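Those protein sequences? They're chains A and B, same order as listed.
Every letter in the first sequence is one number past the one before it in numbering that gives the first Met the number 0, and letter 662, counting from 1, is 661.
Every letter in the second sequence is one number past the one before it in numbering that gives the first Met the number 0, and letter 610, counting from 1, is 609.
Number of protein chains: 2
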Amino acid sequence: MSKFTQQPTDDICIATIRALAADVVGKANSGHPGAPMGMAPVSHVLFSRFFNANPKNSKWYNRDRFVLSNGHACALQYILLHLMGYKLSMDDLKQFRQLNSLTPGHPEAGHTDGIEVTTGPLGQGFANAVGLGIAQAHMAATFNKDGFDLVNNYTYVFTGDGCLMEGVASEAASLAGHLQLGNLIYFYDDNHISIDGDTAVAFTENVEQRFLSYGWQVLHVDDGDHDLEGIYNAIVEAQKVKNKPTLIRLRTTIGYGSKQQGTHGVHGAPLKADDIQALKTKFGLPADQSFYVPTETYKVYGEIAIRGAALEKKWDALLASYGQKYPKEYAELTRRIAGKLPDGWEKSLPTYTASDAAQASRKLSEIVLTAITPVLPELMGGSADLTGSNLTRTKAMVDFQPESTGLGNYKGTYIRFGVREHGMGAIANGMHAYGGVTPFVATFMNFVSYAAGAVRLSALSKHQVIWVATHDSIGLGEDGPTHQPIETAAHFRATPNLDFWRPADGNETSAAYYVALTRRETPSILSLSRQNLPNLEASSIERAAKGGYVVHEEQSEDLTIVSCGSEVSIALEAASLLKAQGVKTRVVSLPCWSIFDSQPAEYRLSVLRSGAPILSVEALSTFGWQKYSHEQFGLFGWGASGPYQKVYEKFGITGPNLAAVGKKIVAFYKQKGGEVISPLVKAI
Amino acid sequence: MSKFTQQPTDDICIATIRALAADVVGKANSGHPGAPMGMAPVSHVLFSRFFNANPKNSKWYNRDRFVLSNGHACALQYILLHLMGYKLSMDDLKQFRQLNSLTPGHPEAGHTDGIEVTTGPLGQGFANAVGLGIAQAHMAATFNKDGFDLVNNYTYVFTGDGCLMEGVASEAASLAGHLQLGNLIYFYDDNHISIDGDTAVAFTENVEQRFLSYGWQVLHVDDGDHDLEGIYNAIVEAQKVKNKPTLIRLRTTIGYGSKQQGTHGVHGAPLKADDIQALKTKFGLPADQSFYVPTETYKVYGEIAIRGAALEKKWDALLASYGQKYPKEYAELTRRIAGKLPDGWEKSLPTYTASDAAQASRKLSEIVLTAITPVLPELMGGSADLTGSNLTRTKAMVDFQPESTGLGNYKGTYIRFGVREHGMGAIANGMHAYGGVTPFVATFMNFVSYAAGAVRLSALSKHQVIWVATHDSIGLGEDGPTHQPIETAAHFRATPNLDFWRPADGNETSAAYYVALTRRETPSILSLSRQNLPNLEASSIERAAKGGYVVHEEQSEDLTIVSCGSEVSIALEAASLLKAQGVKTRVVSLPCWSIFDSQPAEYRLSVLRSGAPILSVEALSTFGWQKYSHEQFGLFGWGASGPYQKVYEKFGITGPNLAAVGKKIVAFYKQKGGEVISPLVKAI
Ligand SMILES: [Ca+2]
Ligand SMILES: [Ca+2]
């Protein structure tokens, strides 16, 4: 494969892709034709000459991964998937951007066969691919043996200027260079056009020099519109260098073939009908036919599928003989590829009684990780330069590092992400997309917000990523309001398909991990304290795993306090003070709203029952607690810097003050009269 | 000032700062001594030889700006402010990180005299400084005249590895190079240590090469611990180059003087008492005295203050004579420095009647900008490469660009931010901190989340930044769920001191701008539609400026629907359908929750009154609406790609379906019996 041979069918294949892109976007009357038309040549060379995948089994583990980081160009990806024979018909192409189609406006993993990661939000795909590369390197180091090069795929990425401007891509690029990920090959579609027009208005950096500074191999092809041999040779060079990611800068013409080629007029709007006709004529295609695919084109792309099927078959045989020679590793590899948890793993989860010492939930998290990582070797992750604060590195862990650094190796499971939260989140999505690993990532809870763009894509794309988010309230104390989350819990509780956990003690922390690990299609954020928390009398993994339960019961109560995390023990103190004053107060712990919401109505109504007012207490914004309570106590502004006990006092989150607040509420509802109905009782 | 002369007091001053840093952190028993100790030499050279500021008037407009991007090193900044005579006493230093002190754990603008921008969240200060530089360049171009170099300050920035790893800094750095901001001088404290230990674990990129790729001047000083002349000369070189920002890489030893110097042991924990004593002895300071400042040190720093006061006096005279020669420009400059809006500006705001054509609120926003930018020339901003979609560039605007690009000039007010949302948000904070400009920024609402780290600091630091956040729901249609915000409104509504507006029509859009522009200490997000919205009968700027009001009144109603933005007209349609079926339905528009919350209780209770159930409707997550309604209708998962009317239908947000939902609710509450009390009636 080291020398390029022009095939008579190359031109027609490229023309087919370009014309189809114009047709797909034209019929939808919505979308981006320019980049697909400009990137047709590189797509054709990559897929016809290099790409190893089996369209009939898009989940074959050792397939090459393809990421379209400039996801707005997805007409291109859909066309390629269709031509190669993935589950995407010509009718699907005609339904581009229509409701309930397989061809939505941006590519969605899990929705369309052959899409590895969801892209469109710029920069994400770029960083996802670094995660794909990390997982590949790790699985290869862990499972490959002499003569059994089972895991050796490449990850190929298309990226535009937009992605390269995004900080998340910069973060991921710097880390990829540090990690020497030679399995990554990126094509930068340098077409000089972005939505605002010529990139000269905002993007004049020297991209090649920038990627060299990150430690990448950088190549370029000056005529990406025609120089197929140049593209071919660049890919060969990229594959040769094993200890560096490669960026191939391709100078292309956006919307190549259109009358408006090279302008931003072809970026995000369909071509006019006459323009489409003219370009078909120019390319030697029938001008009057839409969605036309010449037989030769289907044949060439069908051969890619045949090649891929043969490769998978060969691989299956290799895996089988690996199973003969290395039965233990085989069992483990196939279990991990299948995404199954080992039987009985949950028995390793620590449990506690109320007499156990108070500990910070970040410390409890460390204890969980120490207990479970030996039985769940697929747990792979790290922290954004807060290892000693997040407590995410267990003593037994080895750093995931290139051997040459002397700091670890690719078998290592602990990743030093650097201060790169957004990159970390997006990389974790890619790691999960690769399969075989379950990623966890860590930072202070306040800085999960830096990664919001990646977190919402974890949730949308069903990537099981576990966030260890420590220092989760004013309870972090001295670092002050710049570091104290207020709005953060509301943000993530409002996100669909995301479990936000704020455990109150040891058993609840174990429960959070238990549920997070078993929810294979849902990311979780574990919001953990810096300060020590006593173990509750009533907690257990089983009870907490319901998302909410009664931690202190009273019959014919005057008040229920619902709380979570570090405030549950304060609520219990308030309840005890109130009891001494004759006010019967139940306390409910609600560590995870989304899981609680999924319980049967009867259970939920037994926990947050009618009959007495319910007061919520949390050392964060009260926003959202109205769903579960009649009255809310929390922070109504920013936090403060100081020793944490004093900060709690300042904001009135203490047993005595909450008891006073509770009495006021009880008096108010008594005076108001009438039955107090649970806020969970709803018409819709 | 072009040649360095060693002063006999230099060493003692540097030793004072280093010892004070150890004492300040030691007494607090919390904080970061290492960077302050390592950066004492550069601080001393910069402030004693170059820095122009008047500690007695920290708001003097033409002062040099200092940004400590590695804000965790704030013991250093507090010490410098104290020594120079800002309003920060030795007692304040002793109260470091204590509750209600002027010396919180990270520096907060508006809280402590002399702090320009809030730092600590890494990367923010780096990007804020680019905003300071943009505003300086713009104000200089706009107001300076021959012989009147009124605005010519520098912005000096300290940054560590942490900031340089953050994507937000990469984004800002690339833009600063493009914009050729010669007024920016950054010092990179290259101490090879971050929280995870040696930077070799995660940060091995070539920083000098990277900044060269961005178009910066890059210098270095190999011995930042001792080479004062080298530091001095680097600053001189930096000042000489007028068309490039400068990065000076200083190789320093973290915690210089400590027994643990050069290790991560001195990064984030106090030094031991014996270590502090030993370093004082080493530096020739009395080992047994804490918080000791030699007379010479106070004298040297007192002279900086004297120099600064004289500079301000001279500047005042220059300004006065400018006022003689250019009275109009003088009036405008002083108005803008004072942050006053011109009288009667609000008369330019467009108003509408119900017969005016339906328009997208993003278009209504463009009409507002077109109307008000001529009377509010301080409005300066742009879009993250979505100008044609956000509609933020009025026809009269000129691009803010270096003249050499041929694309604009520094007088221009329109900024091409590139696809750099987080950088854009942080830059806008810096622009506001500079004064004289009112920044606005734009992207799709979903991608404001990329900038969450900067948005929360706008709110915390009271930066009046206006976000034009278009494409604000499933109403964007074909781009699909990757671009359709769901959780975004909840996130920003939960943020303190942030006004999140979702206007329903033309008058409400004008109201949103009116309030956003008059709220001088609060950032605003204007959430705007892609799709057309009819003008409401009942809307007016005055009514909408209350944050919530009745758009359709009924007496003895059966139901109230509360909504906002593009769903208000759908709610009105539902009300009309319900009326035809005998169900009397009021409709309330609630474009801004925080503003509505600030109205008198009586008003709020008249809008969302007791007596009938209240149903909220919004094409976003229902999260948070429980505060204003008994029942909630909205999105319970992700959106979908397709023409927007079909997407609305899919999720049941149509007049007929809402009417059906409304009837169900009315029946439920009738059956339930008892009085229906407004959710605004609360005990606390
Ligand atoms: Ca481009
Ligand atoms: Ca450092």
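Here a beta-carbon is modelled for each residue, glycine too, at the ideal position from N, C-alpha and C.
All of these numbers come straight from a predicted model, not from anything done at the bench.
Using a cutoff of 6 Å, the CB of Asp384/B does not count as near ligand 1, since none of the ligand's heavy atoms is closer than that. Look at Gly166/B: its C-beta is under 7 Å from a C-beta on chain A. A heavy atom of ligand 2 is found nearer than 6 Å to the CB of Ile192/B. In the displayed model, Asp222/B falls within coil according to three-state DSSP, outside both helix and strand.
In this structure, the C-beta of Asp197/A stays at least 6 Å away from each heavy atom of ligand 1. If only complete runs of 4 or more residues are kept, the region 282-328 of chain B shows the alpha helix (DSSP H) at 294-324, in order along the chain. Chain B places no beta carbon closer than 7 Å to that of Gly130/A, leaving this residue out of the contacts. With a cutoff of 6 Å, Gly159/A counts as near ligand 1, since its C-beta is closer than that to a heavy atom of the ligand. Excluding residues up to 5 positions away in sequence, Leu180, Asn182 and Tyr409 lie with their Cβ nearer than 7 Å to the Cβ of Ala136/A in the same chain. In the three-state reduction of the DSSP assignment, Thr280/B falls in the helix class, which pools H, G and I. Take the alpha-carbon of Glu477/A and the one of Ala108/B: they are about 17 Å apart. Taken in chain order, the complete alpha helix (DSSP H) segments of 4 or more residues contained in the region 193-245 of chain B are 206-212 and 227-239.
Counting the other Cβ atoms within 10 Å of the Cβ of Tyr153/A gives 16 or more, which makes it buried. Secondary structure note for His551/B: its beta strand (DSSP E) is the uninterrupted segment Tyr548 to His551.
Taking 8 Å as the Cβ-Cβ cut-off, the region 422-448 of chain A approaches chain B at Gly422, Asn445, Phe446 and Ser448, given in chain order.
Contact between Ile133/B and Phe399/B holds: their C-beta atoms lie close to 7 Å from each other, under 8 Å. CA-CA distance, Ser677/A to Gly122/B, rounds to 45 Å. For the pair Leu576/A and Phe667/A, the Cα-to-Cα distance works out to about 19 Å.
Between Pro599/B and chain A, the shortest Cβ-Cβ separation is not below 7 Å. Uninterrupted alpha helix (DSSP H) stretches at least 4 residues long and entirely within the region 535-590 of chain A occur at 540-543 and 567-579, given in chain order. Below 8 Å, too few C-beta pairs join the region 659-666 of chain A and the region 248-267 of chain B to call them touching: fewer than three. Gln76/B sits in a helix when the DSSP states are folded into three classes.
One thing to note: Arg415/A has its Cβ within 7 Å of the Cβ of Val200/B. Of all alpha-carbon atoms in Lys144/B, Ser100/B, Tyr85/B and Arg361/B, the one lying nearest the alpha-carbon of Asp91/B is that of Ser100/B.
For Val167/B, the enclosing alpha helix (DSSP H) begins and ends at Gly166 to His177.
Proximity of chain A to Leu98/B at the Cβ level (cut-off 9 Å) is accounted for by Ala639, Ser640, Gly641, Pro642, Lys645, Val646, Glu648 and Lys649, in chain order. Counting only Cβ-Cβ distances below 7 Å, Arg519/A has no contacts in chain B at all, with the closest Cβ about 18 Å away. Under the three-state reduction of DSSP, Asp188/B is assigned to strand. DSSP, reduced to helix, strand and coil, places Gly633/A within a strand of the structure shown. Of the candidates Ser615/A, Tyr433/A and Pro642/A, the residue whose Cα lies closest to the Cα of Glu630/A is Ser615/A. Using a Cβ distance threshold of 7 Å, Thr245/A and Gln216/A count as a contacting pair. The C-beta distance from Ile371/A to Ser403/A rounds to 31 Å, too long to fall under 8 Å, and the pair is not in contact.
No Cβ of chain A is located within less than 7 Å of the beta carbon of Arg608/B. Contact between Val440/A and Gly387/A fails: their C-beta atoms lie close to 16 Å from each other, not under 8 Å. Within 10 angstroms of the beta-carbon of Glu420/B lie 16 or more other beta-carbons, which makes it buried. A contact is defined here as three or more CB-CB pairs under 8 Å, and the region 478-486 of chain B fails this definition with respect to the region 502-512 of chain A.
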